[in-house]
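Chains as they are written, first to last, in this note's numbering: chain P, 1 to 189; chain R, 190 to 378. By construction, the Cβ of each residue, glycine as well, lies at the ideal position given by its N, Cα and C atoms. For clarity, every value in this text was computed on a predicted model and none was experimentally measured. Below is one structure; the comments refer to it alone.
2 protein chains.
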Amino acid sequence: MEQAKELPREQQEIVHRARKRIIESIGQNMDLYGINLSIGHLYGLLFFQNKPMTLDEMTEAMRMSKTSMSTGVRTLVDLKMVNKVWEKGARKDLYEVEMDWFQTFADFFSLKWRKALEINMHAMRKSKAELLELARANPGVEELERLVEADVAKMNEAIRYYMWLDRFIETLETGAIFDLVPRDLPEES
Amino acid sequence: MEQAKELPREQQEIVHRARKRIIESIGQNMDLYGINLSIGHLYGLLFFQNKPMTLDEMTEAMRMSKTSMSTGVRTLVDLKMVNKVWEKGARKDLYEVEMDWFQTFADFFSLKWRKALEINMHAMRKSKAELLELARANPGVEELERLVEADVAKMNEAIRYYMWLDRFIETLETGAIFDLVPRDLPEES
DNA sequence: CTGTCTGTACAGAAAAAACTGTACGATGTT
DNA sequence: AACATCGTACAGTTTTTTCTGTACAGACAG
């Protein structure tokens, strides 16, 4: 895990267990971020490291292949959960967790949601236009009119939702969310 | 997909393509909700159904086994994305999508986040207490003190984040989020 | 330039997830 | 009562994902 070699065996055990509980807890819940258990554990490991870590150190600590560590840590970097760190004349790449979990949260969900939002919104608008055009080109066909009306109503409701989601994502991107729901509560007095 | 049988072939095609685009778009982005492509498609299919659907109808429309439809629709029901519908003397179970996507969104993420929150928070608090007790029982051991201090600082920061997340989830659960970020913008004037 | 070390591409093995067909319990019908 | 019909449990198969070992390109040291 990390240093602490100069402590008596018994104390090391306690520290190790305390850390392990958290690492596994974090790792387990990483599926929220679409991350599997192994990479979740890797993240947990990095969390308790008080200094940047190399791929070889991860390999040893996780008892997994270097290839897995390489791909795993890259996933975490892509998600901005881990940062690549530069150190003077260092041969190896160094990584450490992004400790600002508020930012991690905002980055992750704004990224994912915005991607889905754009794809879906685009599909909605295009299909809606096609259906309206179809109805316009065939006036008076009752069956068609009913059908288009029903579908377009659904699309409009979906678009309304996506427009809300867009504004919501914006609060994450701009940090306005932390005005709406403050990071800290004012002290009780 | 659904009725429209009385329309000319050509018009049916257009409607079908317009719907298909959306269904696939939705299905693809369902991985945000931890749902795979097939079940995503199922959801999209239900979205355009203007009446509740039976398992057998899904089986036919999706060209998949009834077992898959059964488990798939159950997943969607568990996530509150689809509702089981009761109809007078109906032999078969009927399902329809929950059309309130605002609610779907709020339900899904509050459910998932709260679960993770509670597990992680519990682990954090327990481990923190153990480390503090360890330090208390061994005063003056410099190495231990440094280590405990560093770990506890991290845990405190994490707990601070989780307390924020808790308040944030609460806005989803209570609907207060829709006061903070309104469903609709006031009309331009 | 040669030799060494690092990260990753790639192909194959192992593990996990998705999907299916069969069988069966529960419920309703005759 | 016997007979149908429905939904799902379960076991086995297929597909996908994860993980590993090997090999190699790029950077650097001597």
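Classify residue i as buried or exposed, calling it buried when 16 or more other Cβ atoms lie within 10 Å of its own Cβ.
{"i": "R/Gly233", "result": "buried"}
{"i": "R/Val274", "result": "exposed"}
{"i": "R/His230", "result": "buried"}
{"i": "R/Gly261", "result": "buried"}
{"i": "P/Ser189", "result": "exposed"}
{"i": "R/Leu336", "result": "buried"}
{"i": "R/Gly216", "result": "buried"}
{"i": "R/Pro197", "result": "exposed"}
What residues are listed by DSSP as bridge partners for residue i?
{"i": "R/Tyr284", "result": "R/Met242 and R/Lys273"}
Give me the residue from the options with the minimum Cα distance to residue i.
{"i": "R/Asp355", "options": "R/Ile228, R/Val341 and R/Ser299", "result": "R/Ser299"}
{"i": "R/Glu213", "options": "R/Leu221, R/Val204 and R/Leu226", "result": "R/Leu226"}
{"i": "P/Arg160", "options": "R/Glu331, R/Arg372, R/Asp368 and R/Leu336", "result": "R/Arg372"}
{"i": "P/Phe108", "options": "P/Arg19, P/Ser65, P/Asp31 and P/Val15", "result": "P/Asp31"}
{"i": "R/Ala295", "options": "R/Leu268, R/Ala312 and R/Leu196", "result": "R/Leu268"}
{"i": "R/Arg303", "options": "R/Gly329, R/Met352 and R/Asn345", "result": "R/Met352"}
{"i": "P/Glu57", "options": "P/Tyr95, P/Phe168, P/Lys154 and P/Phe102", "result": "P/Tyr95"}
Where does the unbroken alpha helix (DSSP H) through residue i begin, and where does it stop?
{"i": "P/Glu187", "result": "Run containing P/Glu187: none; DSSP gives neither H nor E here."}
{"i": "R/Leu336", "result": "Glu331 to Thr363"}
{"i": "P/Ile119", "result": "Trp101 to Ala137"}
{"i": "P/Glu10", "result": "Arg9 to Asn29"}
{"i": "R/Tyr232", "result": "Leu226 to Phe237"}
{"i": "R/Gly261", "result": "Lys255 to Asp267"}
{"i": "R/Leu369", "result": "Ile366 to Leu369"}
Name the chain R residues that come within less than 9 angstroms of residue i, Cβ to Cβ?
{"i": "P/Thr171", "result": "Leu369 and Val370"}
Could you name the residues of chain R that residue i contacts, counting a contact when the two beta carbons are closer than 8 angstroms?
{"i": "P/Tyr161", "result": "Trp290, Phe291 and Phe294"}
{"i": "P/Glu157", "result": "Met288 and Trp290"}
{"i": "P/Asp151", "result": "Val204, Ala207, Arg208 and Phe237"}
{"i": "P/Asn138", "result": "Gln200"}
Going along chain P in order, which residues have a C-beta closer than 7 angstroms to the C-beta of residue i?
{"i": "R/Met313", "result": "Ile22"}
{"i": "R/Phe357", "result": "Val181"}
{"i": "R/Ala207", "result": "Ser127, Glu130 and Leu131"}
{"i": "R/Asn387", "result": "Given a span of 190 to 378 for chain R in the structure shown, any question on residue 387 of chain R remains unanswerable."}
{"i": "R/Lys301", "result": "Leu32"}
Report the neighbours of residue i on chain P: residues whose CB is nearer than 8 angstroms to its CB, in chain order.
{"i": "R/Ile203", "result": "Glu130, Leu131 and Leu134"}
{"i": "R/Lys343", "result": "Phe47, Phe48 and Met99"}
Against residue i, what residues of chain R qualify as contacts under a CB-to-CB distance less than 7 angstroms, listed in chain order?
{"i": "P/Leu7", "result": "Glu332 and Leu333"}
{"i": "P/Ala116", "result": "Asn218 and Leu221"}
Can you determine whether any heavy atom of the ligand ADP sits closer than 6 angstroms to the C-beta of residue i, and answer yes or no?
{"i": "R/Gly261", "result": "As presented, the structure is devoid of all ligands, the ligand ADP included, so that no description of it is given."}
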